[in-house]
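Student: Here's a structure for you.
Residue numbers (my numbering): 11 to 531.
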């Protein structure tokens with residue numbers, strides 16, 4: 011009896027152990043799922059909170075300028091909503107339907123006489139406006155409200171993106187950076203311009219690139235390519251990102267001697283082609299001339315690289331001089347049939363002395379006005395110095411990251427308190443504060459850093475994820491090829507804010523891990 015009883019007890023224990031194991035294995039996925047749900051709900055809550063709070067600060071009225079880029083975007087959006095087709099510019103409807111509220115009377119008269127296809131602009135933003143006006147009616151205020159909500163989504167969901175990029179370091183950085191992203195970016199919602207939607211497209215690209223870096227598969231590369239394709243249809247200014255990714259994939263293929271990166275590259279190109287080629291075919295067919303995204307790029311290339319652009323700015327006046335047009339290099343008869351790229355290469359080869367002043371001024375105008383870029387630059391230098399400080403000293407000195415975070419937070423609040431209207435081609439921070447030579451050094455620093463990380467097959471450099479360097483390199487190249495403009499780079503400011511906070515937050519977590527025990531994921 012004793013032996014039987016003993017066997018029964020043993021069997022009961024085994025059964026209980028199995029039951030507990032089953033319960034544990036059932037509970038684990040539920041715990042993970044609930045964590046993900048909680049984080050998702052928090053991001054949704056943050057998005058709604060940011061949107062409601064900044065409603066009081068943003069000027070989301072019905073004002074709409076008839077001129078500049080706005081009259082093109084507004085009319086194309088309205089015309090699409092009214093069923094006239096994509097990228098149709100001009101008065102296809104009575105003038106009052108377009109809801110323009112101020113501008114030059116000459117523009118009003120000119121607008122009423124126009125009805126044409128517009129291929130100077132990519133179709134993404136007119137399509138976005140058309141959908142908003144289809145749903146809410148032709149309401150400029152509604153379009154601005156939606157744009158503010160897109161910026162709130164960026165600020166609300168950047169903790170989740172941070173988590174994908176660098177686990178809890180990235181998540182906590184996103185929580186800290188969110189309010190400052192709103193402070194630095196909310197004014198982009200105040201105009202009928204592409205910036206708010208372009209920033210959102212860049213945010214989506216960052217998600218897609220992060221997903222590809224995590225999976226490293228063909229399907230993830232196709233998804234990444236598809237997102238990039240849609241983003242390029244919104245703004246061609248993101249064009250260097252896929253080029254940089256192709257270069258990184260080629261480097262990886264050479265280093266690893268594997269076909270996997272090549273397959274991923276082909277997948278990405280196919281994903282891009284899926285969205286870009288139909289538009290390109292349509293635009294080429296309508297114009298009777300090859301058009302990839304828009305016609306603006308070739309025109310802008312010449313406007314940004316001529317005798318007048320030594321100050322680093324945009325100078326289209328060379329093509330408007332009717333009295334003596336041939337005095338400018340690009341207008342001379344022997345170059346009439348050359349492409350824009352050929353003209354620019356020929357111009358700099360004949361006037362090499364203009365290269366250094368022109369490009370340094372471009373970088374100065376483009377990069378200098380962004381305080382968070384300078385903050386990242388400085389913290390990267392501190393990261394190098396930190397390696398040479400004794401470990402005990404670093405561990406005991408919590409003041410360094412605290413002071414840095416306080417300084418960065420103050421910078422964000424000052425930008426907000428200055429209450430500048432967002433000016434598309436202006437400098438929202440006033441005059442550049444730092445010497446232009448430093449802007450050149452900073453640009454070189456970021457580009458070299460990205461290639462060092464790529465060559466070493468690292469996903470970060472000095473602790474900062476590689477994706478940051480891809481984005482910065484895009485906007486540095488954009489500035490060098492075209493001109494120094496706050497408007498070009500402003501769309502990436504949310505990324506600059508996030509990565510400016512990244513290293514100080516990381517250092518603080520490493521120094522005081524007990525403060526962040528709850529963030530174990």
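Note that beta-carbon positions come from the ideal geometry of N, C-alpha and C, so glycine has one too.
All of these numbers come straight from a predicted model, not from anything done at the bench.
Between which two residues does the beta strand (DSSP E) containing residue 99 stretch?
Tutor: Taken as a continuous stretch (DSSP letters only), the beta strand (DSSP E) holding residue 99 covers 98-100.
Student: Taking C-alpha atoms, which residue in 391, 171, 278 lies nearest to residue 253?
Tutor: That would be 278, whose Cα lies nearest to the Cα of residue 253.
Student: Restricting to Cα atoms, I'd like to know which of 373, 272, 326 is closest to residue 452.
Tutor: Looking at the Cα atoms, 373 is the closest of the given residues.
Student: Quick check: the Cα distance between residue 344 and residue 324, rounded to an integer number of angstroms?
Tutor: If I take the Cα positions, the gap works out to 24 Å.
Student: Taking the straight line between their C-alpha atoms, what separation do you get for residue 204 and residue 256?
Tutor: Spanning the two alpha carbons is a distance of roughly 26 Å.
Student: Is it buried or exposed, residue 173, if we count other Cβ atoms within 10 angstroms and call 16 or more buried?
Tutor: Per the 10 Å Cβ criterion, buried.
Student: Please say whether residue 243 and residue 289 have beta carbons closer to each other than 8 Å?
Tutor: Cβ distance < 8 Å, so residue 289 and residue 243 count as in contact.
Student: To which residues does DSSP link residue 127 through a beta bridge?
Tutor: BP columns for residue 127 point to 98.
Student: Where do the ends of the alpha helix (DSSP H) carrying residue 275 lie?
Tutor: 270-297 is the span of the alpha helix (DSSP H), which, as asked, contains residue 275.
Student: Distance, Cα to Cα, residue 499 vs residue 485?
Tutor: Cα-Cα distance, rounded: 6 Å.
Student: Start and end of the alpha helix (DSSP H) containing residue 520?
Tutor: Start and end: 503-521.
Student: Whose C-alpha, out of 461, 215, 371, 201, is nearest the C-alpha of residue 78?
Tutor: The residue with the shortest Cα to Cα distance from residue 78 is 201.
Student: Alpha carbon to alpha carbon, how far is residue 99 from residue 297?
Tutor: For residue 99 and residue 297, the distance between alpha carbons rounds to 15 Å.
Student: If you run the structure through DSSP and keep just helix, strand and coil, what is residue 202?
Tutor: In the structure shown, residue 202 sits in coil (DSSP, three-state: anything other than H, G, I, E or B).
Student: Assuming residue 320 is part of the alpha helix (DSSP H), what are its boundary residues?
Tutor: Run containing residue 320: none; DSSP gives neither H nor E here.
Student: When DSSP builds the beta bridges, which residues end up paired with residue 367?
Tutor: In the DSSP output, where bridge partners are listed per residue, residue 367 has none listed.
Student: Considering only C-alpha positions, which residue in the set 153, 197, 62, 84 is nearest to residue 504?
Tutor: Out of 153, 197, 62, 84, 197 has the C-alpha closest to the C-alpha of residue 504.
Student: Could you give the residue range of the alpha helix (DSSP H) that holds residue 267?
Tutor: Neither: residue 267 is in no alpha helix (DSSP H) and is coded neither H nor E.
Student: Run the CB neighbour count on residue 337, radius 10 Å, all protein chains shown included, and call it buried at 16 or more, exposed below.
Tutor: The residue in question, residue 337, is exposed, as its Cβ has fewer than 16 Cβ neighbours within 10 Å.
Student: Report yes if the CB atom of residue 341 is closer than 8 Å to the CB atom of residue 358, and no otherwise.
Tutor: No, these two residues do not count as a Cβ contact at 8 Å.
Student: Look at residue 158 and residue 68 and say whether their C-beta atoms are less than 8 Å apart.
Tutor: Contact flag set, yes.
Student: Distance, Cα to Cα, residue 442 vs residue 348?
Tutor: In this predicted model, residue 442 has a pLDDT of only 46, less than 50, meaning its place in the structure is not dependable; the value taken from the coordinates is given anyway. About 36 Å.
Student: Would you please state the rounded distance, in angstroms, between the beta carbons of residue 60 and residue 192? I believe it to be under 8 Å.
Tutor: Yes, residue 60 and residue 192 are in contact; Cβ-Cβ is about 5 Å, under 8 Å.
Student: Since residue 102 and residue 125 should fall inside the 8 Å C-beta cutoff, what is the C-beta to C-beta distance between them, to a whole number of angstroms?
Tutor: Contact flag correct, Cβ pair sits at about 6 Å.
Student: Among the residues of its own chain, which have a CB less than 8 Å from the CB of residue 148, if the five just before and after it don't count?
Tutor: Correct list, in chain order: 88, 91, 107, 108, 109.
Student: With H, G and I counted as helix, E and B as strand and the rest as coil, what does DSSP make of residue 357?
Tutor: Three-state result, residue 357: helix.
Student: Helix, strand or coil for residue 243, going by three-state DSSP, please let me know.
Tutor: Note: residue 243 maps to helix in three-state DSSP.
Student: Rounded to the nearest angstrom, what separates residue 371 and residue 387 at their Cα positions?
Tutor: Their Cα atoms are separated by approximately 19 Å.
Student: Got a sec? Which residues, its chain only, sit under 7 Å from residue 321 by beta carbon, not counting five neighbours each side?
Tutor: Closer than 7 Å at Cβ, skipping near neighbours: 371.
Student: Nearest to residue 168 by CA position, among 117, 220, 138, 139, is which residue?
Tutor: Comparing Cα positions, the closest option is 220.
Student: Would you call residue 177 buried or exposed, if buried means 16 or more other Cβ atoms sit within 10 Å of its Cβ?
Tutor: That one is exposed.
Student: Can you give the Cα-Cα distance for residue 145 and residue 155, rounded to whole angstroms?
Tutor: Rounded to the nearest angstrom, the two C-alpha atoms are 13 Å apart.
Student: When we look at the beta-carbon of residue 135 and count the other beta-carbons within 10 Å, is it buried (16 or more) or exposed?
Tutor: By the neighbour-count rule (16 or more Cβ atoms within 10 Å), residue 135 is buried.
Student: Taking the alpha carbon of residue 354 as the point to measure from, which residue in 218, 346, 316, 368 has its own alpha carbon closest?
Tutor: Out of 218, 346, 316, 368, 316 has the C-alpha closest to the C-alpha of residue 354.
Student: Sort 232, 291, 261, 266 by Cα distance to residue 276 and report the nearest one.
Tutor: Of the candidates 232, 291, 261, 266, the one whose C-alpha sits nearest the C-alpha of residue 276 is 232.
Student: So residue 474 and residue 509 are in contact, right, with Cβ under 8 Å, and what is the actual spacing, rounded?
Tutor: Right, their Cβ atoms sit about 6 Å apart.
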